[in-house]
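Student: Okay, here's the structure, questions in a sec.
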Amino acid sequence: MALQDSTTGDSPLKLNRPHTVVVLAMSADGKISDVARSPGGFGSSADHQHLENQIAKADGLLWGAGTLRVDGNAEKDVDPTLSEQQQNQGKSPSPVQIVCTRSGEIDPKLKFFQQPEKRWLITTSQGAKNWQNRSEFERIIVLETETGAIDLVKALEELASLNIKSLVVLGGGELVASLLKVDLIDEFWLTVCPLIIGGAKAPSPVDGEGFYWQTSPRLELLSAERVEEEIFIHYRVKR
Numbered sequence: 738m739a740l741q742d743s744t745t746g747d748s749p750l751k752l753n754r755p756h757t758v759v760v761l762a763m764s765a766d767g768k769i770s771d772v773a774r775s776p777g778g779f780g781s782s783a784d785h786q787h788l789e790n791q792i793a794k795a796d797g798l799l800w801g802a803g804t805l806r807v808d809g810n811a812e813k814d815v816d817p818t819l820s821e822q823q824q825n826q827g828k829s830p831s832p833v834q835i836v837c838t839r840s841g842e843i844d845p846k847l848k849f850f851q852q853p854e855k856r857w858l859i860t861t862s863q864g865a866k867n868w869q870n871r872s873e874f875e876r877i878i879v880l881e882t883e884t885g886a887i888d889l890v891k892a893l894e895e896l897a898s899l900n901i902k903s904l905v906v907l908g909g910g911e912l913v914a915s916l917l918k919v920d921l922i923d924e925f926w927l928t929v930c931p932l933i934i935g936g937a938k939a940p941s942p943v944d945g946e947g948f949y950w951q952t953s954p955r956l957e958l959l960s961a962e963r964v965e966e967e968i969f970i971h972y973r974v975k976r
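Take 738 as the starting number for the sequence shown in this note's numbering and just add one per residue.
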């Protein structure tokens, strides 16, 4: 069964930032990895194809450094047909790989840095020091708040000015939580996979400090489709 892609229409807000979509596979109990934070991979071939479809439509892929440290690779295995469609539409066949990290502490020996991808870094002035006079990142974006945290609002505005109009967030839960906290996420694509992971310390799609239910972000269900043993759920963030 082929997944249908819902057209969400224009956002109710005129936003000077990329349209931002979180794409994650999770267990039936809402975990995106186990307690050891092992690399993902419990999604089926249908889930992998769905991920490729979302990647192929994006101008940029946003990673938290923790997710990159675990996975080690760029998400770039896109169906050649999808890449060709992107090029025919005047887009790059491969989205920019954008890493978001406050500390800037990433092992330069990761396979990620050996792959022929455009790589950008969003970090703080302290994090940028780790990458001075190095060539791994084509562009380093330094935008921070008075407390020394990454200013995500200004960072996404900067991405928009660099022609990143659509952004796919691939994790992890801390990054998603930070983006949600400042209202920078437009949609979620969640694949519910048929397994139970459990564990209080296993990461979920949204970690961080959490929200009180009275003020938590609300979602609008756009579609839910079963493909064999998985359920593909598409939400829009209500505003």
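Note that the Cβ used here is the ideal one computed from N, Cα and C, for glycine as well.
1. Quick check: what's the CA-CA separation for Ala795 versus His756?
2. With contact counted as at least three CB pairs below 8 Å, one residue from each stretch, are the stretch 883-897 and the stretch 915-922 in contact?
3. The alpha helix (DSSP H) with Ala1002 in it runs from where to where?
4. Looking only at its own chain, which residues have a Cβ that is under 7 Å from the Cβ of Leu958, when we skip the five neighbours before and after it?
5. Would you call Gly885 buried or exposed, if buried means 16 or more other Cβ atoms sit within 10 Å of its Cβ?
6. From Ser831 to Ile933, what does the alpha carbon distance come to, in whole angstroms?
7. Are the CB atoms of Val879 and Thr861 nearer to each other than 9 Å?
8. I need the boundaries of the alpha helix (DSSP H) containing Ala802, first residue and last residue.
9. For Gln791, report the span of its alpha helix (DSSP H) as first-last.
10. With the cut-off set at 9 Å, would you say Lys855 and Gln834 are in Cβ contact?
11. Suppose contacts are defined by Cβ-Cβ distances below 9 Å. Is Pro776 in contact with Ser770 by that definition?
12. Please report the Cβ distance between Asp784 and Glu967, rounded to the nearest whole angstrom; I am assuming they are in contact, meaning their Cβ atoms lie under 8 Å.
13. Tell me the rounded alpha-carbon separation between Ile877 and Lys902.
14. Give me the residue from Val929, Gln951, Gln863, Leu798 with the minimum Cα distance to Pro942.
15. Count the other C-beta atoms from every protein chain shown that fall within 10 angstroms of the C-beta of Ser872, then say buried if there are 16 or more, exposed otherwise.
16. I think Leu912 touches Leu761, with their Cβ atoms under 8 Å apart; what is that distance to the nearest whole Å?
17. Return the residue from the list Gly947, Leu896, Ala937, Pro931 that minimises the CA-CA distance to Ser915.
18. Under a three-way DSSP split, which group does Phe850 fall into?
19. Is the beta carbon of Val905 less than 9 Å from the beta carbon of Gln786?
Tutor: On the basis of the coordinates in this document:
1. 9 Å
2. yes
3. There is no way to answer for residue 1002, as the model of the chain reaches only from 738 to 976.
4. Excluding residues within five positions, the ones whose Cβ falls inside 7 Å are Tyr972.
5. Classification of Gly885: exposed, given that the 10 Å Cβ count is below 16.
6. 33 Å
7. yes
8. Looking at the DSSP string, the run of the alpha helix (DSSP H) that includes Ala802 is 802-808.
9. 782-793
10. Yes. Within cutoff.
11. If you check the CB distance, Pro776 and Ser770 come in under 9 Å.
12. 6 Å
13. A straight-line Cα-Cα distance of about 18 Å links Ile877 and Lys902.
14. Answer by Cα proximity: Val929.
15. Under this definition Ser872 is an exposed residue.
16. Contact doesn't hold; Cβ gap of about 11 Å is too wide.
17. Gly947
18. Phe850: helix per DSSP, three-state reduction.
19. no
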